[in-house]
Amino acid sequence: MAVRIGVLALQGNVREHLAALTAAGAEAVPVRRASELATVDGIVLPGGESTTMSTLLATFELLEPLRARLRDGLPAYGSCAGMILLAEEILDGRPDQHQLGGLDVVVRRNAFGRQVDSFETDLEFTGLTGGPVHAVFIRAPWVEKTGGDVEVLASVPEVTSAGADAGEAAGRAVAVRQGRVLATSFHPELTGDRRVHALFVDMVRTAR
Ligand code: GLN
Numbered sequence: 001m002a003v004r005i006g007v008l009a010l011q012g013n014v015r016e017h018l019a020a021l022t023a024a025g026a027e028a029v030p031v032r033r034a035s036e037l038a039t040v041d042g043i044v045l046p047g048g049e050s051t052t053m054s055t056l057l058a059t060f061e062l063l064e065p066l067r068a069r070l071r072d073g074l075p076a077y078g079s080c081a082g083m084i085l086l087a088e089e090i091l092d093g094r095p096d097q098h099q100l101g102g103l104d105v106v107v108r109r110n111a112f113g114r115q116v117d118s119f120e121t122d123l124e125f126t127g128l129t130g131g132p133v134h135a136v137f138i139r140a141p142w143v144e145k146t147g148g149d150v151e152v153l154a155s156v157p158e159v160t161s162a163g164a165d166a167g168e169a170a171g172r173a174v175a176v177r178q179g180r181v182l183a184t185s186f187h188p189e190l191t192g193d194r195r196v197h198a199l200f201v202d203m204v205r206t207a208r
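So for the sequence shown, UniProt numbering puts the first residue at 1; every next one is plus one.
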């Protein structure tokens, strides 16, 4: 039976994640209420705007149910704003923004946005076969610090695949995993490469 994976559907790249998960062999469903959250084997927190999503999580009374399911080991994948929501600590966040937690990292919000609004490069991604992943960053966070149980799966190279100096972004961790929680600073849902979603579908299958 296909695993059932929810995409938090309050704001952001919801349709793109639903399509990518479906292509990767999951049954993908939008999640807007706690009763929907209760039915899924895994959850994707999409890119968008973490402060807006945080407000809507409270409005839709999803904050506590989602925190509770994450504490119970619900597999989660956060991309960009989703990574920020999962992080234990946010630098340059809005003081009132809520965090879900579950990922023992410190992220800097809008880290790439201070130099250029978007940034693209190919990345070596540990555990994925078939060559580098093309990563698109849109006012993206990067990971500044990782806890002992966090594995770094991809970091920004010194020189981008287009030949540009990566500057301050060089060497920053942009894909991490801690057990059942996966996060990327970039947006694989926008490029048509389904390998990151396939990795998450596998994680959900294994957990179930
Ligand atoms: N800058 C956004 C935030 O703070 C994230 C951007 C994105 O998800 N593309 O949530």
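Glycine is no exception: its CB is placed at the ideal position from the N, C-alpha and C atoms.
With respect to the 8 Å criterion, A87 and V106 are classified as neighbours on the basis of their beta carbons. In the DSSP assignment, no residue is bridged to G73. The DSSP assignment places complete beta strand (DSSP E) segments of no fewer than 3 residues inside the region 27 to 76 at 27 to 31 and 42 to 45, in order along the chain. Residue burial annotation: E16 is buried, with at least 16 other C-beta atoms found within 10 angstroms of its C-beta. For G101, the distance from the CB to the nearest heavy atom of the ligand GLN is not below 7 Å.
Apart from the 5 residues on each side of it in sequence, A207 sits with its Cβ closer than 6 Å to the Cβ of P75 and R180 in its chain, given in chain order.
Restricting attention to beta strand (DSSP E) runs no shorter than 3 residues, the region 121 to 195 encloses them at 133 to 138, 142 to 146, 151 to 155, 173 to 178 and 181 to 184, ordered along the chain. Nearest C-alpha to D193 among A9, A24 and A175: A24. Note that the C-beta distance between V176 and A166 is not below 8 Å. In the three-state scheme derived from DSSP, where H, G and I count as helix and E and B as strand, G6 is classed as strand. Across the set Q99, G6, R172 and D72, the C-alpha of G6 shows the shortest separation from the C-alpha of S35. The ligand GLN has no heavy atom closer than 7 Å to the beta-carbon of G78.
For the pair I43 and L10, the CB atoms are not nearer than the 8 Å cut-off. Remark: three or more beta-carbon pairs, one from each stretch, lie closer than 8 Å, so the region 142 to 150 and the region 94 to 110 are flagged as touching. In this structure, A81 has its CB closer than 7 Å to one or more heavy atoms of the ligand GLN. Placement of the Cβ of R180 at a distance of 7 Å or more from every heavy atom of the ligand GLN is found. Sorting S155, H187 and T126 by C-alpha distance to the C-alpha of S79 places H187 at the top. When the Cα atoms are used, E61 and M1 turn out to be separated by approximately 30 Å. According to DSSP, residue pairing for A87 in a beta bridge involves L103.
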